[in-house]
Each structure stands twice: as structure tokens, then as C-alpha cells.
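What follows is a short report on a single structure.
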Amino acid sequence: MQICKDESTCYLFRTSAWQTCYASFQTMLQDAGIEKVAHCEGHDTGSIEKRFRHVKVKGAVDLAPRIASLGEPSFGKGLASWVNHALIGGDGGPCWLDKVTVDHKLWERAELLDNQKAYAATDAYAVMLL
-9 MQICKDESTC YLFRTSAWQT CYASFQTMLQ DAGIEKVAHC EGHDTGSIEK RFRHVKVKGA
51 VDLAPRIASL GEPSFGKGLA SWVNHALIGG DGGPCWLDKV TVDHKLWERA ELLDNQKAYA
111 ATDAYAVMLL
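Under this note's numbering, the letters of the sequence shown match residues -9 to 120, in that order.
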């Protein structure tokens, strides 16, 4: 899970490695006043609630309807294209997502690759922009 405070600050939480959910993190997740925004947030919420059965995420906002309301861009399909567009500020250009950054099994490694860390920070920042 990533939290983007602004364009220069992003926190990456490797919750899959935690033995338990930290009390302060649980408090943040359960505070409905703090929006937790994600594309297809049900996956993220479900993963957290499955991993930590005592945690109930509140204040989750799904970005998918917002992306859908923008329509299919001329420069690609889906969230990846909108994120890429938001970051480069124009039409076109190759999508920067690759198998390593989107394959969920590869995120379970003990140490993340640099491109995974960059993707996580970029994803959080782009969601903030959208």
C-alpha cells in the first residue's frame, strides 16, 4: 500500500511482511474521514481485510468510475494510459508499466526492485493527480 502526501513524499507499506497490523495503521484504515483512494479499491481493501481479519477499512473510494467517466483516451486503454498521460502531460508515448510492476506475485519478494519502488510511488502520485 502506498500513501502519497505530495509530489515529493510517498510512503510504501509492505503489509504482506507484517506479523500483525500496527495500531496506528489500523486506526488510519478505519478512519472514514481519511479517504483511501485506489483503482478497483475492492482488491486492495479485500487484501488488507483478509490479511488482518480484525481490520475493517472505511472511507475507501474507488477511482474506477472516475477513470471510466474520462472515456477511453486516444493514447491507450485503461488506468495505465491515464496514469502515463497524467505523468508525461501529453498524448502518446510508450506505457511505462511492465510485467515486473504489475505481476502481484512478484511483489511478495523480500526486497523490491527499483522499478517496483518507482512504480509504487508513481502510482500513488498519479492517483492523487487523477
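All C-beta atoms, glycine included, are put in the ideal place defined by N, C-alpha and C.
Going by the CB atoms, is the gap between glutamate 39 and valine 47 shorter than 8 angstroms?
Inclusion of valine 47 and glutamate 39 in the CB contact set at 8 angstroms is warranted, their separation being smaller than that value.
Distance, glutamine 106 Cα to isoleucine -7 Cα:
Distance between the alpha carbons of isoleucine -7 and glutamine 106: 15 angstroms.
Give the DSSP-derived three-state secondary structure of aspartate 21 in the structure shown.
coil
Whole angstroms is fine: what's the gap from threonine 10's alpha carbon to leucine 119's?
Each residue's alpha carbon lies about 31 angstroms from the other.
CA nearest to the CA of alanine 22, picked from His33, Asp113, Cys0 and Val45
Val45
Would leucine 2 pass as a contact of alanine 110 if the rule is Cβ separation under 8 angstroms?
Yes, these two residues count as a Cβ contact at 8 angstroms.
Straight-line Cα distance separating glutamate -3 from serine 14
24 angstroms
Can you give me the C-alpha to C-alpha distance between leucine 8 and aspartate 34, rounded to a whole angstrom?
Residue identity differs from the one stated: residue 8 is tryptophan in this sequence, not leucine. Going by the C-alpha atoms only, they are around 16 angstroms apart.
Mind checking lysine 26: buried by the 16 CB within 10 Å criterion, or exposed?
It is buried - the Cβ of lysine 26 has at least 16 other Cβ atoms within 10 Å.
Please state whether the Cβ-Cβ distance between histidine 29 and alanine 54 is less than 8 angstroms.
yes
Lysine 40, enclosing beta strand (DSSP E) - first and last residue
That residue, lysine 40, is in no beta strand (DSSP E); its alpha helix (DSSP H) goes 31 to 41.
Going by beta carbon distance, what residues of the same chain come within less than 6 angstroms of alanine 114, once the five residues before and after it are set aside?
Gln(-8), Cys(-6) and Cys0
Report back the beta-carbon spacing between serine 6 and glutamate 101 to the nearest angstrom; my notes put them in contact at under 8 angstroms.
Going by Cβ atoms, the distance from serine 6 to glutamate 101 rounds to 13 angstroms, so no, they are not a contact pair.
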